[in-house]
Amino acid sequence: MNHIAKEAIAPFEMRGGRKRLPAAHIVRTKVFGQTVFFTIGTPQDFIQKNYHSKGVFYEMEELEIIRRAFQPGGRFIDIGANVGNHAMFVAKFLNPLEVVVVEPNPVAYNVLFSNVLLNQMDRVFDMNWVGYGISDDPELSFGVEFRRRNVGAGRLVAGSGDIPTVAADAVVGDRRADFIKIDVEGMEIQVLRSMDETIARDRPRIFVEVDENNRSEFEAWVAASDYTSVQRFKRYPENENHLLIHQDDPSWTLTQP
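Heads up: the sequence shown begins at 11 in the numbering used here, then just goes up one per residue.
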């Protein structure tokens, strides 16, 4: 685990490998008959205030798209994991081999760690890339433009801080990437351009939020990379979610509801 992740998880560590419960408001609920815990670490945050505090997952329509496209036993890579909403859902209900999370914002990843530990998911999670951003230019460093009322809408600002960046290919390494979710508040083109090796080798299914300002670049990337947007979901005027499938995906079928 990298030093950033070690520092973030240190407050939860106790002797003998036990974990200390976080000093935060905790919501316990039932989802699909299973117990789920949500940490409310930033009470005014949009997701925590309007969804997790009420015991429900955020973006259930998008999660349903992921559920129908994800193959059990696959590796799920969450770039822009925020407080863990999507990653927790996959880990809890979709039987992944592994969930790899990338999240640069400390306000978000402290809650992410808490959620993972409370739900006893740490054995399936790879949290080595917490504290990093993703870019096609790993020489750049970033800062976070933080928004207290919407932690997930915090944006990376180039050259304004000490957050290191790596290519998505470095996160994947020599592991197989089966499904990649990308929600990076306008930096999706840089992320997509940083995964050439992964795409050439694994042809992962991709669920990506695309800013309207990036639409033309995104469509050009999709065509050049032999992907097709097979399903879309538009929750907000300023962006749209796309499910991308590679033309050589050997087993593509959409699981029925």
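Just so you know, even glycine gets a beta-carbon here, dropped at the ideal spot from N, CA and C.
Note that this is a predicted model, so its numbers are computed, not measured.
>> Rounded to the nearest angstrom, what separates residue 146 and residue 241 at their Cα positions?
In response: As a position in the sequence shown, residue 146 is number 136, starting the count at 1. As a position in the sequence shown, residue 241 is number 231, starting the count at 1. So the two alpha carbons sit approximately 26 angstroms from each other.
> What distance in whole Å lies between the Cβ atoms of residue 144 and residue 178, which are believed to be in contact at a cut-off of 8 angstroms?
Replying inline: Locating residue 178 in the sequence shown gives position 168, where the first residue counts as 1. Locating residue 144 in the sequence shown gives position 134, where the first residue counts as 1. Correct: roughly 5 angstroms between the Cβ atoms.
>> Going by the DSSP bridge assignment, what does residue 139 pair with across the sheet?
In response: Reading the sequence shown from its first residue, position 129 is the one you call residue 139. BP columns for residue 139 point to 112.
> Bridge partners of residue 237, per DSSP?
Replying inline: Start at 1 with the first residue of the sequence shown, and residue 237 comes out as number 227. Bridge partners of residue 237: 256.
>> Give me the DSSP bridge partner(s) of residue 250.
In response: Translated into positions along the sequence shown, residue 250 becomes position 240. Residue 250 is bridged to 220.
> Looking at the unbroken beta strand (DSSP E) that takes in residue 88, where does it start and where does it end?
Replying inline: Position 78 of the sequence shown holds residue 88. From DSSP, the beta strand (DSSP E) with residue 88 extends over 85-89.
> Can you give the Cα-Cα distance for residue 110 and residue 181, rounded to whole angstroms?
Replying inline: Translated into the one-based positions of the sequence shown, residue 110 becomes position 100. Translated into the one-based positions of the sequence shown, residue 181 becomes position 171. Cα to Cα, residue 110 sits roughly 8 angstroms from residue 181.
> Less than 8 angstroms separating the beta-carbons of residue 85 and residue 185?
Replying inline: Numbered from its first residue, the sequence shown carries residue 85 at position 75. Numbered from its first residue, the sequence shown carries residue 185 at position 175. Against a cut-off of 8 angstroms, the Cβ pair of residue 185 and residue 85 comes out as a contact.
> Terminal residues of the continuous alpha helix (DSSP H) containing residue 64?
Replying inline: Residue numbering aside, residue 64 sits at position 54 when the sequence shown is read from its first letter. Neither: residue 64 is in no alpha helix (DSSP H) and is coded neither H nor E.
>> Rounded to the nearest angstrom, what separates residue 35 and residue 206 at their Cα positions?
In response: Numbered from 1 along the sequence shown, position 25 holds the residue referred to as residue 35. Numbered from 1 along the sequence shown, position 196 holds the residue referred to as residue 206. Answer to the nearest angstrom: the Cα atoms are 41 angstroms apart.
>> Here's the rule: buried if 16 or more other CB atoms are within 10 angstroms of the residue's CB, otherwise exposed. What is residue 213?
In response: Position 203 of the sequence shown, counted from the start, is the residue given in the question as residue 213. In the assembly as shown, residue 213 is a buried residue. Its beta-carbon has 16 or more other beta-carbons within 10 Å.
> DSSP three-state call for residue 163: helix, strand or coil?
Replying inline: Taking the first residue of the sequence shown as 1, we reach residue 163 at position 153. With a pLDDT of only 47 at residue 163, under 50, the local geometry of the prediction cannot be trusted, and the value read off the model is given with reservation. Residue state, collapsed to three classes: helix.
> Taking the beta strand (DSSP E) that residue 46 falls in, what are its first and last residues?
Replying inline: Indexing the sequence shown from 1 puts residue 46 at position 36. Start and end: 44-50.
> Roughly how many angstroms lie between the CA atoms of residue 127 and residue 48, to the nearest whole one?
Replying inline: Indexing the sequence shown from 1 puts residue 127 at position 117. Indexing the sequence shown from 1 puts residue 48 at position 38. When rounded, the distance between both Cα atoms is 11 angstroms.
>> Please state whether the Cβ-Cβ distance between residue 89 and residue 176 is less than 8 angstroms.
In response: Numbered from 1 along the sequence shown, position 79 holds the residue referred to as residue 89. Numbered from 1 along the sequence shown, position 166 holds the residue referred to as residue 176. No. Outside cutoff.
> Between residue 217 and the rest of its own chain, which residues show a CB-CB distance below 6 angstroms, the 5 nearest in sequence each way excluded?
Replying inline: For this step, residue 217 is matched to residue 207 along the sequence shown. Same-chain partners within the cutoff: 76, 191 and 253.
> Opposite residue 191 in the DSSP bridges: which residues?
Replying inline: Position 181 of the sequence shown, counting from 1, holds the residue named residue 191. Note: residue 191 sits in a beta bridge opposite 88 and 217.
> For residue 67 versus residue 41, is the C-beta spacing smaller than 8 angstroms?
Replying inline: Here residue 67 corresponds to residue number 57 of the sequence shown, with the count starting at 1. Here residue 41 corresponds to residue number 31 of the sequence shown, with the count starting at 1. It is a contact, given that the beta carbons lie within the stated cut-off.
>> Can you tell me where the beta strand (DSSP E) holding residue 185 begins and where it ends?
In response: For the purposes of this step, residue 185 is identified with residue 175 of the sequence shown, where counting begins at 1. From DSSP, residue 185 is part of no beta strand (DSSP E); its letter is neither H nor E.
> What separation, rounded to the nearest whole angstrom, lies between the Cα atoms of residue 237 and residue 78?
Replying inline: Residue numbering aside, residue 237 sits at position 227 when the sequence shown is read from its first letter. Residue numbering aside, residue 78 sits at position 68 when the sequence shown is read from its first letter. So the two alpha carbons sit approximately 18 angstroms from each other.
> How close, in whole Å, do the beta carbons of residue 105 and residue 83 come, if the pair is a contact with beta carbons under 8 angstroms?
Replying inline: Within the sequence shown, numbered from 1, the residue matching residue 105 stands at position 95. Within the sequence shown, numbered from 1, the residue matching residue 83 stands at position 73. About 6 angstroms separates the two Cβ atoms, so the contact holds.
> Who pairs with residue 3 in a beta bridge, going by DSSP?
Replying inline: Outside the modelled stretch of the chain, which goes from 11 to 267, sits residue 3, for which no answer is possible.
>> What does the alpha-carbon distance come out to for the pair residue 247 and residue 259?
In response: As a first step, residue 247 must be located in the sequence shown, where it is residue number 237. As a first step, residue 259 must be located in the sequence shown, where it is residue number 249. Approximately 31 angstroms, taken between the alpha carbons.
>> Please classify residue 162 as buried or exposed, where buried requires at least 16 neighbouring CB atoms within 10 angstroms.
In response: The residue given as residue 162 occupies position 152 in the sequence shown. Confidence in residue 162 is poor, its pLDDT being 43 and thus under 50, which makes the residue's placement too unreliable to answer from.
> In chain order, what residues of the same chain lie with their CB nearer than 6 angstroms to the CB of residue 160, ignoring the 5 residues before and after it?
Replying inline: By 1-based counting over the sequence shown, the position of residue 160 is 150. Its pLDDT being 44, under 50, residue 160 is placed unreliably in this model, and the coordinates cannot settle the point.
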